[in-house]
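One structure below.
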Ligand code: BG6
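In this note's numbering, the protein residues as written are -9 to 455.
Now the structure itself:
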């Protein structure tokens, strides 16, 4: 098998997977955890969740973490990204620390290290403590301060062993979904609040980076962004312009300040012209300018196909970024029908080359890439294993382009799949499964390695495929 390796990755390449606290821990009300927006939304509007399955009981990593880490080791992880649940560590978001949570995260970190799996620790993955959301969430300056205190607490508690930190996962996602598109609580539709929340999450990230660097800890801190390369329908200048605007709104809005400490003028021009500038305090822009990331995590799932706007918008409707472009339904595109996302492997290469050329070739890694599929039970073979060949092909197809990016000089250090064990999803609960390992939610969350898990094991063993 060794000799058949066509794509051999550099020595020390980071192989692993990513996850998040609310999506996999379970014990949502256990051991002193406070409530977050998901616990609250599920309690008040369970109809919003697929099959009415909520975040209270997700994949039970809280109890099964040792078994999961043993499986990670078996499948060849050398790194694993997870997040701290802010409301578990500090119920209410500010104030007293929950000692049981400290104990839990210490046990997880130590168990990973014992198994030679490097913990990549993320501070925020969509799960605002409820009390802080009631103060306005990311809209509120007080929440920015609370977040920075929470970040400092985490650095002090775990920074002796954790050497890779991330301030946010996909910070644009909660902002757009809480304040524009209605997918996350409190499901508002208010562009002004959206801009304010976006600005505050960027500021919070820069302030946390500042704190981390000032502590002189011997690790790195970055952020994780979902990048969706924008492709215009055609070379017509109107399509190209629309695509540049979509890119500024959905990618460069967070990528530029995170890596360069600046904001794209295409976005600032629109926000100014439309009258949505956020409230900023003196010195905020300097903090953002001076505290950029050491390392960039990139989540890639799908591209964005854009065309010039076809119809005039309704001037009385709430402001939406889509006033500046339309989505283009490209004929012939390949789509994952369960999630509705286009599959376009070359997008991963294009965005990596863009990071090389436009962002100083900053050290980066693929922090999420994956394919969610419904009803995987239909693929179970006689040995009880899900034969998810489509997932193996999906990973191989993307990895070929990551390999090419490395050949072309991109400073990309690793590849993490989404996800290790099937987990609960914000909108789809357990409908679409992404794991290398399946979970039976009706049998105490029993784990079974899928075919893709065994494939991943060979991939990591051979450092390529
Ligand atoms: C990423 C998120 O955007 O996509 C994860 O970081 C999420 O939290 C994953 O679960 C897959 O998306 P979904 O909506 O199918 O769960």
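By construction, the Cβ of each residue, glycine as well, lies at the ideal position given by its N, Cα and C atoms.
Remember, it's a predicted structure, so these values are computed and weren't measured experimentally.
Option nearest residue i by Cα separation, candidates the options
{"i": "residue 43", "options": "413, 139, 328, 388", "result": "413"}
{"i": "residue 446", "options": "435, 415, 416, 379", "result": "379"}
{"i": "residue 236", "options": "296, 186, 386", "result": "296"}
{"i": "residue 81", "options": "97, 71, 121", "result": "121"}
{"i": "residue 103", "options": "60, 139, 77", "result": "60"}
{"i": "residue 140", "options": "107, 176, 73", "result": "73"}
{"i": "residue 255", "options": "234, 274, -6", "result": "234"}
{"i": "residue 101", "options": "91, 66, 58", "result": "58"}
{"i": "residue 436", "options": "34, 29, 50", "result": "50"}
{"i": "residue 195", "options": "173, 353, 324, 285", "result": "285"}
{"i": "residue 69", "options": "431, 193, 2", "result": "2"}
{"i": "residue 470", "options": "28, 36, 91", "result": "Residue 470 lies beyond the residue range present for the chain, which begins at -9 and ends at 455; the question has no answer from this structure."}
{"i": "residue 322", "options": "333, 431, 403", "result": "333"}
{"i": "residue 17", "options": "77, 0, 62", "result": "77"}
{"i": "residue 319", "options": "223, 430, 124", "result": "223"}
{"i": "residue 460", "options": "157, 339, 27", "result": "Any property of residue 460 remains undetermined from this structure, which presents the chain solely from -9 to 455."}
{"i": "residue 443", "options": "113, 112, 56, 66", "result": "66"}
{"i": "residue 396", "options": "355, 415, 377", "result": "355"}
Where residue i sits in the DSSP three-state scheme
{"i": "residue 39", "result": "coil"}
{"i": "residue 189", "result": "helix"}
{"i": "residue 97", "result": "helix"}
{"i": "residue 119", "result": "strand"}
{"i": "residue 272", "result": "coil"}
{"i": "residue 454", "result": "strand"}
{"i": "residue 283", "result": "coil"}
{"i": "residue 419", "result": "strand"}
{"i": "residue 393", "result": "helix"}
{"i": "residue 311", "result": "helix"}
{"i": "residue 247", "result": "helix"}
{"i": "residue 489", "result": "Nothing can be reported for residue 489, as the shown portion of the chain is limited to -9 through 455."}
{"i": "residue 68", "result": "coil"}
{"i": "residue 278", "result": "helix"}
{"i": "residue 58", "result": "helix"}
{"i": "residue 49", "result": "coil"}
{"i": "residue 413", "result": "coil"}
{"i": "residue 448", "result": "helix"}
{"i": "residue 378", "result": "coil"}
{"i": "residue 162", "result": "helix"}
{"i": "residue 317", "result": "strand"}
{"i": "residue 289", "result": "strand"}
Extent of the continuous beta strand (DSSP E) to which residue i belongs
{"i": "residue 355", "result": "354 to 358"}
{"i": "residue 5", "result": "4 to 8"}
{"i": "residue 28", "result": "Element bounds for residue 28: not the beta strand (DSSP E) but the alpha helix (DSSP H), 27 to 34."}
{"i": "residue 328", "result": "Counting along the chain, residue 328 falls outside any beta strand (DSSP E), and DSSP gives it neither H nor E."}
{"i": "residue 404", "result": "402 to 407"}
{"i": "residue 306", "result": "Segment: none, residue 306 is in no beta strand (DSSP E) and carries neither H nor E."}
{"i": "residue 429", "result": "427 to 430"}
{"i": "residue 111", "result": "108 to 112"}
{"i": "residue 439", "result": "436 to 439"}
{"i": "residue 157", "result": "154 to 159"}
Limits of the alpha helix (DSSP H) - the one that residue i falls within
{"i": "residue 79", "result": "76 to 79"}
{"i": "residue 229", "result": "227 to 237"}
{"i": "residue 261", "result": "255 to 264"}
{"i": "residue 297", "result": "Per DSSP, residue 297 belongs to no alpha helix (DSSP H); it is in the beta strand (DSSP E), 294 to 297."}
{"i": "residue 171", "result": "Premise fails: residue 171 is in no alpha helix (DSSP H) and is neither H nor E."}
{"i": "residue 178", "result": "Taken as a continuous stretch (DSSP letters only), residue 178 belongs to no alpha helix (DSSP H), as it is neither H nor E."}
{"i": "residue 462", "result": "In the structure as shown, the chain begins at -9 and stops at 455. Residue 462 is therefore absent and cannot be evaluated."}
{"i": "residue 13", "result": "11 to 14"}
{"i": "residue -5", "result": "Note, residue -5: premise wrong, no alpha helix (DSSP H); not H, not E."}
{"i": "residue 143", "result": "131 to 148"}
{"i": "residue 23", "result": "Segment: none, residue 23 is in no alpha helix (DSSP H) and carries neither H nor E."}
{"i": "residue 337", "result": "336 to 348"}
Quiz item: Counting pairs of Cβ atoms below 8 Å between the region 215 to 222 and the region 287 to 298, do you hit three or more?
Solution: yes
Quiz item: On the three-pair Cβ rule with 8 Å, is the region 268 to 286 touching the region 196 to 216?
Solution: Put simply, the region 268 to 286 touches the region 196 to 216. At least three CB pairs are less than 8 Å apart.
Quiz item: Do three or more CB pairs link the region 13 to 26 to the region 418 to 428 at distances below 8 Å?
Solution: no
Practice problem: Can you check the region 200 to 225 for any beta strand (DSSP E) of at least 3 residues that lies completely inside it and give the ranges in chain order? | Solution: Listed in chain order, the complete beta strand (DSSP E) runs (minimum 3 residues) inside the region 200 to 225 are 210 to 216, 220 to 222.
Quiz item: Is the region 145 to 163 close to the region 231 to 244, with three or more CB pairs under 8 Å?
Solution: Contact between the region 145 to 163 and the region 231 to 244 is present, with at least three C-beta pairs closer than 8 Å.
Practice problem: Tell me, please, whether the region 399 to 419 touches the region 31 to 50 by the rule of three or more beta-carbon pairs shorter than 8 Å. | Solution: yes
Quiz item: Is it a yes or a no for the region 126 to 134 touching the region 93 to 110, going by three-plus beta-carbon pairs under 8 Å?
Solution: Judged by pairs of C-beta atoms under 8 Å, the region 126 to 134 does not touch the region 93 to 110, as fewer than three such pairs exist.
Quiz item: Is the number of C-beta pairs between the region 399 to 412 and the region 6 to 18 that are closer than 8 Å three or more?
Solution: yes
Quiz item: Do the region 181 to 188 and the region 206 to 215 meet, that is, are 3 or more Cβ pairs less than 8 Å apart?
Solution: no
Quiz item: With contact counted as at least three CB pairs below 8 Å, one residue from each stretch, are the region 324 to 335 and the region 265 to 275 in contact?
Solution: no
Quiz item: Is the region 353 to 364 touching the region 380 to 389 in the sense that three or more CB pairs, one from each, lie closer than 8 Å?
Solution: Judged by Cβ distances under 8 Å, the region 380 to 389 makes contact with the region 353 to 364, as three or more pairs qualify.
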